[in-house]
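The next block holds one structure in the form of structure tokens; read it before the comments.
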Amino acid sequence: MSKGKLAKFADMARYENVFQYPYSVVENVPFEMKGHWRDMYFHNDNPIVLELGCGKGEYTVELARLYPDVNFIGVDIKGARMWTGATQALNDGLKNVAFLRTNIEIIDRFFGPDEVQEIWLTFSDPQMKNVRKRLTSTYFMERYRRFLVDGGIVHVKTDSNFLFTYTTYMTERNAFPVLFSTTDLYHAEGLDADTMRILSIQTYYESQWIERGLNIKYMKFRLPSSGDMAEPDVEIPVDDYRSYKRTRRSGVDMRK
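Quick note on the numbering used here: the sequence shown kicks off at 3 and runs consecutively.
Here it is, written out as structure tokens:
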């Protein structure tokens, strides 16, 4: 581990806007704020929005700037990356931002029923080999609905055609109401005012995809709090790339 990472982890341990509960400690340390984020941390009654897989936290911080009357929580397991957003939020005095370092597989341990209004999934790993790790799979939707309000909104922003196509099939298979969907966000027509505002946020990695000539896909849908869910039984062409300056990671052309 580099000296820079050690320094960042030391900062994270003392930051008041960071809560760290990875697998290694969550079993032994109860999370007392579950169901009480508003009164115990934010000290207001404003809506709560999560960014799951927040990386450096750029999106979480910029959303918080745009919407000061909304509480935002960035979630990721990579503490050294999250340090960037957490530090920026503290330096800028943003009181409507928090960060939770944990594994998203156990996200429902940290939020109570109806505690969250919206979820953002920004440039998630498409997990083309394993649907149970895919953040838009029904495996994760079951977890999200345990704390998301009935009909709460899930936003998906991605460069991955595979993930976008899969998510489209998943919403269709389960009859989730889709509020908006486009395969080319920055050239789409009919965007509502909120979406237009959010277009002003562009992370470092997103700019790399755009410079490479890739379209950014975006959709938002409502997640009902009840009802059976099923995985779509379709095969989807895999992405012919995955990360910047890398070629295809798999020789397989189609995945479910």
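No residue lacks a Cβ here, since even glycine has one placed at the ideal position from N, Cα and C.
For R40, the closest C-alpha among the options A91, V99 and D242 is that of V99.
By the criterion of a C-beta distance shorter than 6 Å, K219 is surrounded in its chain by T160, F166 and T185, once the five residues flanking it on both sides are discounted. With 16 or more other CB atoms across the displayed protein chains lying within 10 angstroms of its CB, R147 is buried. Counting only runs that start and end inside the stretch 189-255, the alpha helix (DSSP H) elements of at least 4 residues fall at 195-200 and 206-213. Rounded to whole angstroms, the Cβ separation of V77 and V51 is 11 Å, and the two are not in contact under 8 Å. In the three-state scheme derived from DSSP, where H, G and I count as helix and E and B as strand, V72 is classed as coil.
E144: member of the alpha helix (DSSP H) spanning T140 to Y146, first to last residue.
Between K36 and F125, the CB-CB gap reaches or exceeds 7 Å. Shown here for D110: same chain residues with a beta carbon closer than 7 Å to its own, the five before and five after excluded, namely R145, R148 and F149 in chain order.
About 6 Å separates the CB atoms of A88 and N19; that is less than 8 Å, so the two are in contact. Annotation: the continuous beta strand (DSSP E) that includes R103 extends over V99 to R103. For G114 and H38, the gap between their C-alpha atoms comes out near 8 Å.
With a 10 Å radius around the Cβ and a threshold of 16 neighbouring Cβ atoms, L68 comes out exposed.
With respect to M143, S183 sits apart: the two C-beta atoms are not nearer than 7 Å. Excluding its 5 nearest sequence neighbours in each direction, R199 has C-beta neighbours in its own chain below 7 Å: L68, listed in chain order. Taking the Cα of V63 as reference, the smallest distance to any Cα among D255, H189 and Q204 is reached at Q204. DSSP, read as helix, strand or coil, puts I79 in coil. Remark: C-beta atoms of V180 and T173 approach each other more closely than 7 Å. Spatial neighbours of P24 in its own chain (CB-CB distance under 8 Å, excluding positions within 5 residues in sequence) are listed in chain order as I79, R103, T104 and N105. Residue environment: Y206 is assigned as exposed (fewer than 16 neighbouring CB atoms within 10 Å of its CB, all protein chains considered).
Rounded to whole angstroms, the gap between the alpha carbons of P128 and D242 is 12 Å. Exclusion of the five residues before and after L187 leaves K159, L201, N217, I218, K219 and Y220 as the residues of its chain whose Cβ lies within less than 8 Å of its Cβ. A distance below 7 Å between beta-carbons, with the five flanking residues on each side excluded, links Q119 to the following residues of its chain, in chain order: P49, I50, V51, V151 and G154. DSSP places T184 within a strand segment (E or B) once states are collapsed to three. Note on L137: 16 or more other CB atoms within 10 angstroms of its CB, so buried under the neighbour-count rule. For E53, no alpha helix (DSSP H) encloses it; the enclosing beta strand (DSSP E) starts and ends at I50 to L54. Listed in chain order, the non-local C-beta contacts of A232 below 8 Å within the same chain comprise T140, R175 and N176, local neighbours out to five positions each way being set aside.
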